[in-house]
Amino acid sequence: MARVIINDASCLIDLRKGRLLHVLCRLPVEVVVPLPIRESELLDFTPQEWAMLDGDGLVTYDVPPDEVGEAFAIKREHGRLSANDCFCIVTTNHFDDGILLTGDRLLTRVARERALQVHGILWVTEQLRLLDLCENELLRTALTFWRADKSVFVPNRLIDAQLQHLK
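Here the sequence shown stands for residues 1026 to 1192, where the numbers follow my numbering.
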């Protein structure tokens, strides 16, 4: 696989809202979720949703003890990050070509300070479009839903720009 995507809970939740979970694993990447994120109470995914992702190649990364210690060190340094944010950083750092997929501004800033690649959910939709991995109508539906959902923190101007590419 070309790259690894480490998902924080917010991106998985937003992809689920946009009904794009089933196409996420079509990307030519290995999709990795740290175990603490998978077990997060924020992810109230059904067993069927997990089975679909697992069947499509999702990898759950059990963070080893030394990396747990590293995550706690990051947490001490950046107290406003959640423990799960810190697990995402160390997991991304573990993979040579790791990409952190997040919608969290603070997590993005800290990850970039650590020279990690970071993208948001619009990167996923752009890759799906560019690689022709799903129907444009599905992408339009997701983008339109995200634009209307105030709990999805993606600037409307960026969503509108992607919608223009899909016309």
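Ideal Cβ positions, reconstructed from N, Cα and C, are used throughout, including at glycine.
Would you mind working out which of the options sits nearest residue i, comparing C-alpha positions?
{"i": "Pro1089", "options": "Val1115, Asp1079, Leu1067 and Met1077", "result": "Val1115"}
{"i": "Arg1105", "options": "Arg1154, Leu1131 and Phe1097", "result": "Leu1131"}
{"i": "Arg1165", "options": "Ile1184, Cys1036 and Asp1091", "result": "Ile1184"}
{"i": "Leu1078", "options": "Ile1099, Cys1050 and His1190", "result": "Cys1050"}
Determine the contact status of residue i and residue j, defining contact as a CB-CB distance below 8 angstroms.
{"i": "Thr1127", "j": "Cys1113", "result": "yes"}
{"i": "Ala1194", "j": "Asn1109", "result": "A question about residue 1194 goes unanswered here, because the residues of the chain that appear run from 1026 up to 1192."}
{"i": "Phe1120", "j": "Val1029", "result": "yes"}
{"i": "Val1179", "j": "Leu1147", "result": "yes"}
{"i": "Leu1188", "j": "Leu1158", "result": "no"}
Where residue i and residue j are concerned, what is the direct C-alpha to C-alpha distance, given to the nearest angstrom?
{"i": "Val1135", "j": "Ser1065", "result": "21 angstroms"}
{"i": "Glu1160", "j": "Arg1154", "result": "8 angstroms"}
{"i": "Asp1069", "j": "Val1177", "result": "17 angstroms"}
{"i": "Leu1052", "j": "Lys1175", "result": "27 angstroms"}
{"i": "Val1143", "j": "Ile1031", "result": "9 angstroms"}
{"i": "Arg1013", "j": "Val1058", "result": "Nothing can be reported for residue 1013, as the shown portion of the chain is limited to 1026 through 1192."}
{"i": "Pro1072", "j": "His1047", "result": "14 angstroms"}
{"i": "Leu1156", "j": "Gly1043", "result": "19 angstroms"}
{"i": "Asp1039", "j": "Arg1063", "result": "15 angstroms"}
{"i": "Gly1082", "j": "Leu1060", "result": "15 angstroms"}
Bridge partners for residue i per DSSP, in chain order?
{"i": "Gly1123", "result": "Val1029"}
{"i": "His1144", "result": "Leu1126"}
Quick one: which unbroken alpha helix (DSSP H) runs of 4-plus residues sit fully inside the stretch 1052-1090? Chain order, please.
Qualifying alpha helix (DSSP H) stretches, in chain order: 1060-1063 and 1072-1080.
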